[in-house]
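Undergrad:
In our numbering, the protein residues as written are -6 to 201.
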């Protein structure tokens, strides 16, 4: 989530650079008046980051970064894993509460029964809150990906001027290629090559 969301280089909309592009007659490019950058299609200026972001969805205050073209996959996985961890925490709280009742609050905790109950209730409320919030965000992101429409474009009701990649094509475009374990890989730059044999003189060699 701390990776580059797809920031457009600042201040590249100079006269010299625009002349070097050798634009064809009728070809139009847009310039952001706030950061003096050439504004690609579907890019929006973030007032918090003070820069234009390609395919910007929104600015997330929880990670202090924008969600855009380069890191939307990681934001989706972030919300998914937080939701799963919260569900796991709720299950543990239920088991702990059941254990305390069965043991009549004698050996289930080092705290007094009232304190234990308060802590369990607090953890349950926190778990429910996180599950609800992250599940809604996860569903919203999947809806945006399957419709090839960012949250900003939806709120502004922008008509698409690009070729939309809907449903499965949109998923492959964001998560990268055909479905594989790399789709759920939350780390940037980590790749696992397939076990494909390479012909060698002494036999087959496998890449790992």
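A virtual CB, placed ideally from N, CA and C, is assigned to each residue, including glycine.
This one's a predicted model, so the numbers in the text were calculated from it and none came from an experiment.
For residue 127, I'd like the list of residues in its chain whose CB is within less than 6 Å of its CB, leaving aside the five on either flank, ordered along the chain.
TA: As a first step, residue 127 is located in the chain shown; it is residue number 134 there, counting from the start. Excluding sequence neighbours, residue 127 sits near 72, 75 and 76.
Undergrad: Determine the direct distance from the alpha carbon of residue 130 to that of residue 58, and round the result to whole angstroms.
TA: One-based indexing of the chain shown puts residue 58 at position 65. One-based indexing of the chain shown puts residue 130 at position 137. The C-alpha of residue 58 lies about 16 Å from the C-alpha of residue 130.
Undergrad: Take every Cβ of the region 142 to 159, pair it with every Cβ of the region 110 to 123, and state whether three or more of those distances are shorter than 8 Å.
TA: no
Undergrad: Straight-line CA distance for residue 41 to residue 52?
TA: The residue you call residue 41 lines up with position 48 of the chain shown. The residue you call residue 52 lines up with position 59 of the chain shown. Near 8 Å, if we compare the C-alpha coordinates of residue 52 and residue 41.
Undergrad: From which residue to which residue does the alpha helix (DSSP H) around residue 64 run?
TA: For the purposes of this step, residue 64 is identified with residue 71 of the chain shown, where counting begins at 1. That residue, residue 64, is in no alpha helix (DSSP H); it is neither H nor E in DSSP.
Undergrad: Could you compute how far the alpha carbon of residue 4 sits from the alpha carbon of residue 62?
TA: Counted from its first residue, the chain shown places residue 4 at position 11. Counted from its first residue, the chain shown places residue 62 at position 69. Residue 4 and residue 62: Cα-Cα distance of roughly 20 Å.
Undergrad: Roughly how many whole angstroms lie between the Cα atoms of residue 50 and residue 39?
TA: Taking the chain shown and counting its residues from 1, the one referred to as residue 50 is at position 57. Taking the chain shown and counting its residues from 1, the one referred to as residue 39 is at position 46. Looking at the two C-alpha atoms, the distance is approximately 10 Å.
Undergrad: So, are the CB atoms of residue 22 and residue 36 less than 8 Å apart?
TA: Residue mapping note: residue 22 aligns to position 29 of the chain shown, counting from 1. Residue mapping note: residue 36 aligns to position 43 of the chain shown, counting from 1. With respect to the 8 Å criterion, residue 22 and residue 36 are not classified as neighbours on the basis of their beta carbons.
Undergrad: Where do the ends of the alpha helix (DSSP H) carrying residue 30 lie?
TA: To locate residue 30, count along the chain shown from 1; it is residue 37. No alpha helix (DSSP H) holds residue 30; the beta strand (DSSP E) holding it covers 30 to 32.
Undergrad: Which two residues bound the contiguous beta strand (DSSP E) that contains residue 25?
TA: Within the chain shown, residue 25 is the residue found at index 32, counting from 1. 23 to 25 is the span of the beta strand (DSSP E), which, as asked, contains residue 25.
Undergrad: Based on the DSSP output, what are the partners of residue 59 in its beta bridges?
TA: Walking along the chain shown from the start, residue 59 turns up at place 66. According to DSSP, which records beta bridges pairwise, residue 59 is partnered with 52.
Undergrad: Assuming residue 93 and residue 109 are in contact, meaning their beta carbons sit under 8 Å apart, how far apart are those beta carbons, in whole angstroms?
TA: On the chain shown, position 100 is the one that residue 93 refers to. On the chain shown, position 116 is the one that residue 109 refers to. Confirmed, Cβ separation roughly 6 Å.
Undergrad: What number of angstroms, rounded off, separates the C-alpha of residue 145 from the C-alpha of residue 133?
TA: Here residue 145 is taken as the residue at index 152 of the chain shown, counted from 1. Here residue 133 is taken as the residue at index 140 of the chain shown, counted from 1. C-alpha separation (whole angstroms): 12 Å.
Undergrad: Just to confirm, is the Cβ distance from residue 32 to residue 24 under 8 Å?
TA: Taking the first residue of the chain shown as position 1, residue 32 is located at position 39. Taking the first residue of the chain shown as position 1, residue 24 is located at position 31. Yes; because the gap between Cβ atoms is below 8 Å, this pair is in contact.
Undergrad: Within 10 angstroms of its Cβ, does residue 66 collect 16 or more other Cβ (buried), or is it exposed?
TA: Residue mapping note: residue 66 aligns to position 73 of the chain shown, counting from 1. Residue 66 should be labelled buried.
Undergrad: I'd like the list of long-range same chain contacts for residue 60, defined as Cβ closer than 7 Å, with 5 residues on each side in sequence excluded.
TA: As a position in the chain shown, residue 60 is number 67, starting the count at 1. The residues are -2, 50, 51, 53 and 68.
Undergrad: I'd like the span of the alpha helix (DSSP H) that includes residue 139, first residue to last.
TA: What you label residue 139 is simply residue 146 of the chain shown in a count that begins at 1. Residue 139 -> alpha helix (DSSP H) spans 106 to 140.
Undergrad: Going by beta-carbon coordinates alone, are residue 173 and residue 120 separated by less than 8 Å?
TA: Sequence index remark: in the chain shown, residue 173 carries index 180 (1-based). Sequence index remark: in the chain shown, residue 120 carries index 127 (1-based). In this structure, residue 120 does not lie closer than 8 Å to residue 173 by Cβ.
Undergrad: Identify which residue in 101, 28 and 11 has its Cα closest to the Cα of residue 1.
TA: Here residue 1 is taken as the residue at index 8 of the chain shown, counted from 1. Comparing Cα-Cα distances from residue 1 to each of 101, 28 and 11, the minimum goes to 28.
Undergrad: If you follow the alpha helix (DSSP H) that residue 145 is in, where does it begin and where does it stop?
TA: For the purposes of this step, residue 145 is taken as the residue at position 152 of the chain shown. Run containing residue 145: 144 to 149, per the alpha helix (DSSP H) assignment.
Undergrad: Using CA coordinates, which residue listed in 105, 176, 149 and 142 is at the minimum distance from residue 160?
TA: If you number the chain shown from 1, residue 160 lands on position 167. Minimum Cα distance to residue 160 is reached at 142.
Undergrad: Mind checking residue 48: buried by the 16 CB within 10 Å criterion, or exposed?
TA: Walking along the chain shown from the start, residue 48 turns up at place 55. It counts as buried.
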